[in-house]
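**Student:**
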Amino acid sequence: MSDSLMPRSFTRFHGIVRASRRFQPPRHTGHPQEYLQMVDADTTSFVRTFRLKVKAESYGWLNAAAVEANQVWNWANATSIDAADRNRRANAKFLSGFDLCNLSAGATAYFERIGADTIQRICCEYAVKRRAAKRVRLRWRVSRGARRSLGWVPFKAASVKRKGVGLRFCGKFFRVFEAARLDGVKWRDGCFAQDSVGDWFLCLPVIVRPDVTVAPRESVGIDLGLKDIAVTSDGERLEAGRWTHAYAEKLANAQRRGHKRQAKRIHRKAARCRADALHKFSRKIIDQYQNIVVGDVSSLKLVKTRMAKSVLDAGWGALKNQLAYKSEHAGRRFEVVDEKYTSRACSSCGSLSGPKGVNGLRVREWTCSECGDSHDRDVNAARNIVTVGLRSRASVRGNESSHVVIPAEQAAASAVARHGQGAQHAAA
Ligand SMILES: [Zn+2]
Numbered sequence: 000m001s002d003s004l005m006p007r008s009f010t011r012f013h014g015i016v017r018a019s020r021r022f023q024p025p026r027h028t029g030h031p032q033e034y035l036q037m038v039d040a041d042t043t044s045f046v047r048t049f050r051l052k053v054k055a056e057s058y059g060w061l062n063a064a065a066v067e068a069n070q071v072w073n074w075a076n077a078t079s080i081d082a083a084d085r086n087r088r089a090n091a092k093f094l095s096g097f098d099l100c101n102l103s104a105g106a107t108a109y110f111e112r113i114g115a116d117t118i119q120r121i122c123c124e125y126a127v128k129r130r131a132a133k134r135v136r137l138r139w140r141v142s143r144g145a146r147r148s149l150g151w152v153p154f155k156a157a158s159v160k161r162k163g164v165g166l167r168f169c170g171k172f173f174r175v176f177e178a179a180r181l182d183g184v185k186w187r188d189g190c191f192a193q194d195s196v197g198d199w200f201l202c203l204p205v206i207v208r209p210d211v212t213v214a215p216r217e218s219v220g221i222d223l224g225l226k227d228i229a230v231t232s233d234g235e236r237l238e239a240g241r242w243t244h245a246y247a248e249k250l251a252n253a254q255r256r257g258h259k260r261q262a263k264r265i266h267r268k269a270a271r272c273r274a275d276a277l278h279k280f281s282r283k284i285i286d287q288y289q290n291i292v293v294g295d296v297s298s299l300k301l302v303k304t305r306m307a308k309s310v311l312d313a314g315w316g317a318l319k320n321q322l323a324y325k326s327e328h329a330g331r332r333f334e335v336v337d338e339k340y341t342s343r344a345c346s347s348c349g350s351l352s353g354p355k356g357v358n359g360l361r362v363r364e365w366t367c368s369e370c371g372d373s374h375d376r377d378v379n380a381a382r383n384i385v386t387v388g389l390r391s392r393a394s395v396r397g398n399e400s401s402h403v404v405i406p407a408e409q410a411a412a413s414a415v416a417r418h419g420q421g422a423q424h425a426a427a
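Take 0 as the starting number for the sequence shown in numbering that gives the first Met the number 0 and just add one per residue.
1. Tell me where the alpha helix (DSSP H) around E124 begins and ends.
2. Decide if the region 244-259 is in contact with the region 312-328; the criterion is three or more beta carbon pairs, one per stretch, under 8 Å apart.
3. Verify the contact flag: S232, CB atom, against every heavy atom of ligand 1, threshold strictly below 8 Å.
4. When DSSP builds the beta bridges, which residues end up paired with K52?
5. Have a look at E364 and K279 and give me their C-alpha separation to the nearest angstrom.
6. Taking the straight line between their C-alpha atoms, what separation do you get for T231 and A269?
7. Considering Cα atoms alone, identify which of D275, L203 and I206 is closest to E238.
8. Give the C-beta separation of A380 and E334 to the nearest angstrom, bearing in mind that I take them to be a contact with Cβ-Cβ under 8 Å.
9. Which residues bound the beta strand (DSSP E) around C190?
10. When DSSP labels each residue in this structure, what does S57 get in the three-state scheme?
11. What residues in its chain sit with their C-beta under 7 Å from that of K155, if we drop five residues either side in the sequence?
12. Would K133 be called buried (16 or more neighbouring beta carbons within 10 Å of its own) or exposed?
13. Scan the region 252-299 and note each continuous beta strand (DSSP E) run of 3 residues or more that stays entirely inside, going in chain order.
14. Looking at C-alpha atoms only, which residue of K185, L322 and T48 is the closest neighbour of N290?
15. What are the partner residues of F154, as DSSP defines its beta bridges?
16. Following a CB-centred definition, is S195 positioned closer than 8 Å to any heavy atom of ligand 1?
17. So what's E248 in DSSP terms, helix, strand or just coil?
18. Where do the N-terminal and C-terminal ends of the alpha helix (DSSP H) with F97 fall, by residue?
19. If you draw a straight line from the alpha carbon of L250 to that of R271, how long is it in whole angstroms?
20. Within the same chain, show all residues whose beta-carbon is closer than 6 Å to that of R174, passing over the 5 residues directly before and after it, in chain order.
21. For A262, which residues from the same chain have a beta carbon less than 7 Å from its beta carbon, with the 5 sequence-adjacent residues on both sides left out?
22. What residues does ligand 1 have around it, judged by CB closer than 5 Å to any heavy atom, in chain order?
23. Which same chain residues end up closer than 8 Å to R180 when comparing Cβ atoms and leaving out the 5 residues on each side of it in sequence?
24. To which residues does DSSP link H328 through a beta bridge?
25. Taking 9 Å as the threshold (C-beta atoms), are L99 and A64 in contact?
26. Quick check: S347 and D372, are their CB atoms within less than 9 Å of each other?
27. Between Y432 and R216, how many whole angstroms is the CB-CB distance? I'm expecting something under 8 Å.
28. Just tell me which of P354, L389 and V387 has its CA closest to the CA of H374.
29. Between which two residues does the alpha helix (DSSP H) containing G165 stretch?
30. Let me know if R143 comes out buried or exposed under the rule of 16 or more other beta-carbons within 10 Å of its beta-carbon.
31. Suppose the cutoff is 6 Å on Cβ atoms and the five residues either side in sequence are ignored; what does the same chain contact list for S44 look like?
32. Note down the Cα distance separating I228 from D377, rounded to an integer number of angstroms.
33. Taking only the alpha-carbon atoms, compute the straight-line gap between F200 and L94 and give it to the nearest angstrom.
34. Sorted by chain position, which residues of the same chain lie with C-beta nearer than 8 Å to R331's C-beta, five sequence neighbours on each side aside?
35. Between G96, A247, E369 and G388, which has its C-alpha nearest A131's C-alpha?
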């Protein structure tokens with residue numbers, strides 16, 4: 000088709016793709032869509048994202064479709080930048096998803112694989128991301144070379160149909176693993192997404208009804224730590240590092256030999272083992288307890304560690320996240336409380352007789368000088384955490400600091416100070 004017949008908005012299409020290579024755009028790290036659990040706004044139901052592996056026979060088609068999706072994304076970026084250019088246009092504006100969808104009308108004719116629904120989803124996703132980033136432009140999606148973006152082909156809910164043992168999308172038949180999980184479920188707009196190893200997954204957000212039950216035991220406190228990722232007030236532990244150590248040597252070998260693909264596979268394996276352990280632990284907690292209180296991690300714990308902060312953060316964050324959504328799903332009460340003083344206070348008598356400071360982190364067990372009880376450091380902290388959590392009425396979801404364990408004499412002193420101030424104010 001000659002250039003003159005193409006819609007005006009699409010004439011620059013291939014130029015943009017070339018330009019993206021010339022610009023050396025920064026590496027695209029994440030998918031444009033995130034697959035987190037979230038609460039449905041209008042009802043009490045939840046949206047959970049099923050992530051099903053696509054059988055390898057479809058990888059070729061999906062890789063080609065991803066290149067087309069990248070072209071649409073880059074066109075949306077170019078069009079949006081152009082429309083917002085105040086130097087060239089008097090009526091400069093930021094295009095909404097609706098505007099971009101309108102401008103892309105008729106573009107399906109230029110693509111072999113993707114359809115109008117995918118193009119529109121990319122336009123809307125682009126507009127949302129651009130607004131969230133508060134920037135004039137987003138990164139270009141790269142289709143080739145070492146810095147290529149991970150493949151992403153979004154679609155609307157209605158354009159994927161269940162058929163036989165698989166699914167039908169864009170006139171093509173897809174087989175996925177665990178297809179039986181799709182029986183009788185209603186899904187929303189989803190996508191095909193590629194991971195760093197190159198495998199493709201079908202990501203389908205499905206609506207799930209909450210399954211509220213009553214747990215056999217009442218309350219538990221969880222102390223997040225370094226040696227053990229989590230310790231409960233009943234002394235249960237989730238050990239850290241086993242999966243990391245098990246794969247560290249293999250990973251080093253693969254990297255030394257320059258086997259990049261193998262290294263990525265080992266990374267993926269380690270991440271899956273970690274996620275599996277966290278899921279099993281959080282499931283066990285949810286099944287057992289009605290009230291779940293987690294201590295917020297203090298920076299003190301991060302001072303003395305050889306592990307990367309991000310690794311620990313990821314583990315703690317993932318665990319808190321899982322506990323939060325699983326609690327919501329099962330009708331449990333979940334809380335995050337400030338863990339200030341929780342490792343120093345004695346859980347039996349409340350005096351601040353425990354180890355303190357960075358050096359105190361080495362102390363695993365100690366005996367209270369006031370009441371003589373001996374404590375395991377982490378279990379004691381977890382017990383204090385559950386006490387703090389039960390004392391507070393309102394649930395603290397974020398990182399707000401409140402509900403601190405304060406020893407009796409300090410609390411009395413601060414109360415006096417407050418009253419004193421009040422008296423001064425009254426006098427003034
Ligand atoms: Zn004591």
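By construction, the Cβ of each residue, glycine as well, lies at the ideal position given by its N, Cα and C atoms.
**Tutor:** If we stick to the structure as given:
1. Secondary structure note for E124: its alpha helix (DSSP H) is the uninterrupted segment A115 to A132.
2. With a cut-off of 8 Å, the region 312-328 and the region 244-259 do not count as touching, because too few Cβ pairs lie within range.
3. For S232, the shortest separation between its Cβ and any heavy atom of ligand 1 does not lie below 8 Å.
4. F200
5. 27 Å
6. Between the C-alpha atoms of T231 and A269 there is a straight-line separation of about 24 Å.
7. D275
8. The beta carbons of A380 and E334 sit about 15 Å from each other, so the pair does not count as a contact at 8 Å.
9. G189 to Q193
10. Here DSSP, grouped into helix, strand and coil, assigns S57 to helix.
11. D116, R120 and D188
12. exposed
13. 288-294
14. L322
15. Paired residue(s): G189.
16. Every heavy atom of ligand 1 is 8 Å or more from the Cβ of S195, so no.
17. Helix.
18. G96 to L102
19. Annotation: L250 to R271 spans about 15 Å, alpha carbon to alpha carbon.
20. K54 and G165
21. L250, A253 and Q254
22. C345, S347, C348, C367, E369 and C370
23. F49 and L51
24. Partner(s): none; H328 has no beta bridge.
25. no
26. yes
27. Any question about residue 432 goes unanswered here, given that the chain covers just 0 to 427.
28. P354
29. G165: not part of any alpha helix (DSSP H); member of the beta strand (DSSP E) spanning G165 to F168, first to last residue.
30. When all chains shown are included, R143 counts as exposed.
31. I206 and R208
32. 10 Å
33. 31 Å
34. A214, I285, Y288, Q289, N290, I291 and K325
35. G96
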